[in-house]
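Undergrad: Structure in structure tokens, see below.
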Amino acid sequence: MSKLAFITGITGQDGSYLAELLIEKGYKVFGIVRRTSLLFSHTRIDHIRDHIYLEYGDMSDGSSLTNYLTKIVNTHPNFERFEVYNLAAQSHVKISFEVPEYTTLIDGVGTLKLLEAIRTFPKDIIDKTRFYQAGTSEMYGDVLETPQRETTPFNPQSPYACAKVYSHFIVKNYREGYGMYACNGILFNHESKRRGGNFVTMKIVNGVKKIQTGEDPDYVLTLGNLESKRDWGHSNDYVYGMWLMMQQDYPDDYVLATGETHTVRSFVERCFNKIGKSIVWDGTSMDEIGKDSVTGKTLVKIDEKYFRPCEVDILLGDPTKAIEKLGWVRRYNLDTLIDDMFQ
Numbered sequence: 001m002s003k004l005a006f007i008t009g010i011t012g013q014d015g016s017y018l019a020e021l022l023i024e025k026g027y028k029v030f031g032i033v034r035r036t037s038l039l040f041s042h043t044r045i046d047h048i049r050d051h052i053y054l055e056y057g058d059m060s061d062g063s064s065l066t067n068y069l070t071k072i073v074n075t076h077p078n079f080e081r082f083e084v085y086n087l088a089a090q091s092h093v094k095i096s097f098e099v100p101e102y103t104t105l106i107d108g109v110g111t112l113k114l115l116e117a118i119r120t121f122p123k124d125i126i127d128k129t130r131f132y133q134a135g136t137s138e139m140y141g142d143v144l145e146t147p148q149r150e151t152t153p154f155n156p157q158s159p160y161a162c163a164k165v166y167s168h169f170i171v172k173n174y175r176e177g178y179g180m181y182a183c184n185g186i187l188f189n190h191e192s193k194r195r196g197g198n199f200v201t202m203k204i205v206n207g208v209k210k211i212q213t214g215e216d217p218d219y220v221l222t223l224g225n226l227e228s229k230r231d232w233g234h235s236n237d238y239v240y241g242m243w244l245m246m247q248q249d250y251p252d253d254y255v256l257a258t259g260e261t262h263t264v265r266s267f268v269e270r271c272f273n274k275i276g277k278s279i280v281w282d283g284t285s286m287d288e289i290g291k292d293s294v295t296g297k298t299l300v301k302i303d304e305k306y307f308r309p310c311e312v313d314i315l316l317g318d319p320t321k322a323i324e325k326l327g328w329v330r331r332y333n334l335d336t337l338i339d340d341m342f343q
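Now the structure itself:
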């Protein structure tokens with residue numbers, strides 16, 4: 001009997017890596033794309049396009065989600081298991097302050113729509129269906145303890161994080177109230193060469209590459225809070241953790257993290273080291289700049305517009321539960337992650 005998987009957000013960083021993993025494991029993989037999606041947004045899955053099944057759909061439209069999920073199970077009646085991975089999101093924290101209603105609709109209410117679609121299945125189908133919700137370390141926000149683990153209270157500091165907290169608890173509610181196999185992955189920052197260019201890590205990598213090529217001699221990498229501390233891992237490691245969560249006897253919630261934290265400043269320095277440059281810092285606060293240690297040329301500067309309305313100073317996860325109960329093992333550290341991002 002076949003195993004089926006449905007991935008929302010399949011065209012994204014995590015969705016594309018997860019689709020690759022599931023194809024390798026023999027799953028039939030299904031996904032949705034928005035009609036408004038730009039063609040370039042599909043480039044992460046072009047190489048596996050012949051091995052996945054895509055239809056138009058939208059997280060804001062419950063009927064399209066229900067119809068597609070129903071179509072999948074009805075056209076594959078003898079399946080062994082149906083795994084639903086909800087990775088779709090408006091996932092940029094700063095942008096969530098600009099479009100809070102849209103962020104809440106997609107990242108919060110969209111999760112409810114998927115759970116409701118599954119709940120309306122016949123019981124024998126529900127019993128063979130498993131649900132994964134992509135949570136985020138941003139839910140911890142202004143952290144109440146460090147490191148953060150599954151029992152750490154949430155204290156969200158953005159519309160994005162608030163929507164994700166809603167999703168976390170509605171998943172828990174459907175698990176406990178309806179007996180559904182539904183789990184939350186609380187994933188700390190994870191990057192790769194497929195990371196979107198509007199996220200700070202890829203912005204740094206692309207900026208350093210631009211400086212290396214010299215295509216724009218006047219270019220200066222412009223950033224926000226250099227002292228923000230984050231726990232950065234690799235997307236490929238984390239999608240493997242998602243899959244492991246769905247293979248257990250009982251559903252539960254798990255933190256996926258490296259257990260190490262680094263500042264944005266440190267990430268910048270490591271990236272410049274990749275191209276043989278060393279940064280020296282000069283000035284304070286908004287006037288601080290990073291200069292080439294050899295030439296003295298300014299390569300990095302600060303701009304207040306890149307600060308969030310509510311800053312999250314430190315995120316550091318404790319992955320002990322995932323390591324001990326799931327047998328989750330990471331393959332990347334920060335340096336090998338940066339190596340991958342430069343490819």
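So for the sequence shown, full-length UniProt numbering puts the first residue at 1; every next one is plus one.
Backbone N, C-alpha and C fix where the C-beta goes; we use that ideal spot for every residue, glycine too.
Short of 6 Å in beta carbon distance, which residues of its chain neighbour Val280, apart from the five on each side in sequence? Order them along the chain.
TA: Taking the sequence shown and counting its residues from 1, one reaches residue 280 at position 280. Lys291 and Ser293.
Undergrad: Residues in its own chain within less than 6 Å of Met139 by CB, not counting five upstream and five downstream?
TA: If you number the sequence shown from 1, residue 139 lands on position 139. Hits under 6 Å: Phe154, Pro156, Ala161, Lys164 and Val165.
Undergrad: Ile52: buried (16+ other C-beta within 10 angstroms of its C-beta) or exposed?
TA: Counted from its first residue, the sequence shown places residue 52 at position 52. The residue is buried, with at least 16 neighbouring Cβ atoms inside 10 Å.
Undergrad: Beta carbon of Asp253, beta carbon of Ser167: below 8 Å?
TA: Within the sequence shown, numbered from 1, the residue matching residue 253 stands at position 253. Within the sequence shown, numbered from 1, the residue matching residue 167 stands at position 167. Cβ atoms of Asp253 and Ser167: not closer than 8 Å.
Undergrad: Which ranges would you report for the alpha helix (DSSP H) in the segment 248-308 if only whole runs of at least 4 residues count?
TA: Counting whole runs of 4 or more residues, the segment 248-308 contains the alpha helix (DSSP H) stretches 264-274.
Undergrad: Cβ of Gln212 within 8 Å of Cβ of Ile289?
TA: The sequence position of residue 212 within the sequence shown is 212, counting from 1. The sequence position of residue 289 within the sequence shown is 289, counting from 1. Their beta carbons are not under 8 Å apart, which means Gln212 does not touch Ile289 by this criterion.
Undergrad: Quick one: residues in its chain with C-beta nearer than 7 Å to the C-beta of Val205, no 5 flanking neighbours on either side, listed in chain order?
TA: To locate residue 205, count along the sequence shown from 1; it is residue 205. Cys271, Met341 and Phe342.
Undergrad: How is the alpha helix (DSSP H) around Ala19 delimited, first residue to last?
TA: Stepping through the sequence shown from its first residue, residue 19 is reached at position 19. Where Ala19 is concerned, the enclosing alpha helix (DSSP H) stretches over Gln13 to Glu24.
Undergrad: Inspect the beta-carbon positions of Ile72 and Leu4 and report whether they are closer than 8 Å.
TA: Here residue 72 refers to the residue found at position 72 of the sequence shown. Here residue 4 refers to the residue found at position 4 of the sequence shown. Against a cut-off of 8 Å, the Cβ pair of Leu4 and Ile72 comes out as a contact.
Undergrad: Which runs of the alpha helix (DSSP H) fall wholly inside the segment 160-234 and span at least 4 residues, in chain order?
TA: Listed in chain order, they are 200-213.
Undergrad: Can you find the residues in the same chain that come closer than 6 Å, C-beta to C-beta, to Gly62, ignoring five residues on each side of it along the sequence?
TA: Translated into positions along the sequence shown, residue 62 becomes position 62. Result list for Gly62: Lys113, in chain order.
Undergrad: Trp243 and Leu69: beta carbons closer than 8 Å?
TA: Translated into positions along the sequence shown, residue 243 becomes position 243. Translated into positions along the sequence shown, residue 69 becomes position 69. Not in contact: Trp243 and Leu69 (Cβ atoms no closer than 8 Å).
Undergrad: Between the segment 167-183 and the segment 119-136, do at least 3 Cβ pairs fall closer than 8 Å?
TA: The segment 167-183 is in contact with the segment 119-136.
Undergrad: In three-state terms, what does DSSP make of Thr129?
TA: Within the sequence shown, residue 129 is the residue found at index 129, counting from 1. Correct three-state label for Thr129: strand.
Undergrad: Just to confirm, is the Cβ distance from Met308 to Asp237 under 8 Å?
TA: Indexing the sequence shown from 1 puts residue 308 at position 308. Indexing the sequence shown from 1 puts residue 237 at position 237. The sequence as given places Arg at residue 308; Met does not occur at that position. It is not a contact, given that the beta carbons lie outside the stated cut-off.
Undergrad: If you follow the beta strand (DSSP E) that Val29 is in, where does it begin and where does it stop?
TA: Along the sequence shown, one-based indexing puts residue 29 at 29. Taken as a continuous stretch (DSSP letters only), the beta strand (DSSP E) holding Val29 covers Lys28 to Val33.
Undergrad: Run through the DSSP bridge pairs and tell me what Ala134 is partnered with.
TA: Numbered from its first residue, the sequence shown carries residue 134 at position 134. Paired residue(s): Gly185.
Undergrad: Beta-carbon separation of Lys229 and Thr263 under 8 Å?
TA: Reading the sequence shown from its first residue, position 229 is the one you call residue 229. Reading the sequence shown from its first residue, position 263 is the one you call residue 263. Yes; because the gap between Cβ atoms is below 8 Å, this pair is in contact.
Undergrad: Please check if any C-beta of chain B sits within less than 8 Å of the C-beta of Thr320.
TA: You won't find chain B in this structure, because it holds only one protein chain.
Undergrad: Contact check, Ala89 vs Ala19 under 8 Å by CB: the rounded distance?
TA: Residue mapping note: residue 89 aligns to position 89 of the sequence shown, counting from 1. Residue mapping note: residue 19 aligns to position 19 of the sequence shown, counting from 1. At roughly 16 Å, the Cβ-Cβ gap does not stay under 8 Å, so Ala89 and Ala19 are not in contact.
Undergrad: Of the choices Met1, Glu24, Gly26 and Ile48, whose alpha-carbon is the least far from that of Ile10?
TA: Taking the sequence shown and counting its residues from 1, the one referred to as residue 10 is at position 10. The candidate whose alpha carbon is nearest that of Ile10 is Ile48.
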